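**Student:** Right, I'll just put the structure down here and ask away after.
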Amino acid sequence: MKLTSVLRLSLAPILLGLLFSFKMVPPTEPTNEIEWLTWEQAIEKLENGDKKKIFIDVYTDWCGWCKKMDKSTFQHPEIAKYMKENFHAVKLDAEGKEDIVFRDHTFKYVAQGRRGYHELAASLLQGKMSYPTVVFLDEEANLISPVPGYQPAESFHKILTYFAQEHYKDTEWQDFEKTYKAPEGLK
860 MKLTSVLRLS
870 LAPILLGLLF
880 SFKMVPPTEP
890 TNEIEWLTWE
900 QAIEKLENGD
910 KKKIFIDVYT
920 DWCGWCKKMD
930 KSTFQHPEIA
940 KYMKENFHAV
950 KLDAEGKEDI
960 VFRDHTFKYV
970 AQGRRGYHEL
980 AASLLQGKMS
990 YPTVVFLDEE
1000 ANLISPVPGY
1010 QPAESFHKIL
1020 TYFAQEHYKD
1030 TEWQDFEKTY
1040 KAPEGLK
């Protein structure tokens, strides 16, 4: 038998196996991961008529609690699903060095001490540079409220609901907490 015939015969089962394995893979389902956007992408979505509130995770690379929130809270399926349905989610490095232009103002990095800060982060956090802090903006990109500190998924869903469903407009937080019902996946 010729060498080419032997190679064809020995490679045929492998190639057929590969061919069928690719065809037998089911189509991918949508993931329950948060789709993180840049500031510019979120603002562009608003300008193009995709009117959701903006959620901003203000973090730093050295913040341990920020990393914990990324790995636990933001990875929880109920949190990711709720975020995708109700918010444009933005990650903002509070020490990022890129200029950000918003409403005819250029926000810049300010070098200060060992670490500097980004002016947009300082504005959103109202000068209280604490990490992690999440910030909620309305559908017109106006500040609703910053919320400082690490939050586990169970309490974080409550915060998301308070802002997404606009309870903050007419209900005090303490009263909302009394009536809030967590989804089954968070109990």
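For the sequence shown, this note's numbering begins at 860 and goes up steadily by one. Positions of the beta carbon are idealized from the N, C-alpha and C atoms, including for glycine. On a predicted model such as this, the values are computed, not experimentally measured, just so you know.
#1: Classify P855 as buried or exposed, calling it buried when 16 or more other Cβ atoms lie within 10 Å of its own Cβ.
#2: What is the residue span of the alpha helix (DSSP H) that F1073 lies within?
#3: Runs of 3 residues minimum, wholly inside the region 980–1031: which ones carry the beta strand (DSSP E) assignment?
#4: Excluding the 5 residues flanking I913 on each side, which residues of the same chain have their C-beta closer than 7 Å to its C-beta?
#5: Using DSSP with H/G/I as helix, E/B as strand and the rest coil, what is W898?
#6: Once DSSP output is grouped into helix, strand and coil, what is the label at M883?
#7: Could you check the C-alpha separation between R962 and E899 for me, to the nearest Å?
#8: For H964, count neighbouring C-beta atoms within 10 Å of its own C-beta (all shown protein chains included) and say buried if the count is 16 or more, exposed if not.
**Tutor:** On the basis of the coordinates in this document:
#1: Past the edges of the chain, shown from 860 to 1046, lies residue 855, and the structure says nothing about it.
#2: There is no way to answer for residue 1073, as the model of the chain reaches only from 860 to 1046.
#3: 992–996 and 1002–1007
#4: Stepping through the sequence shown from its first residue, residue 913 is reached at position 54. Result list for I913: A901, F946, H947, V949, L996 and A1000, in chain order.
#5: Locating residue 898 in the sequence shown gives position 39, counting from the first residue. Residue state, collapsed to three classes: helix.
#6: On the sequence shown, position 24 is the one that residue 883 refers to. Interpretation of M883 is limited by its pLDDT of 40, a score under 50 that renders its predicted location unreliable; the figure taken from the coordinates is listed afterwards. If DSSP states are grouped into helix, strand and coil, M883 belongs with coil.
#7: In the sequence shown, counting from the first residue as 1, residue 962 sits at position 103. In the sequence shown, counting from the first residue as 1, residue 899 sits at position 40. For R962 and E899, the distance between alpha carbons rounds to 12 Å.
#8: As a working note, residue 964 is residue 105 in the sequence shown. With fewer than 16 other Cβ atoms within 10 Å, it is exposed.
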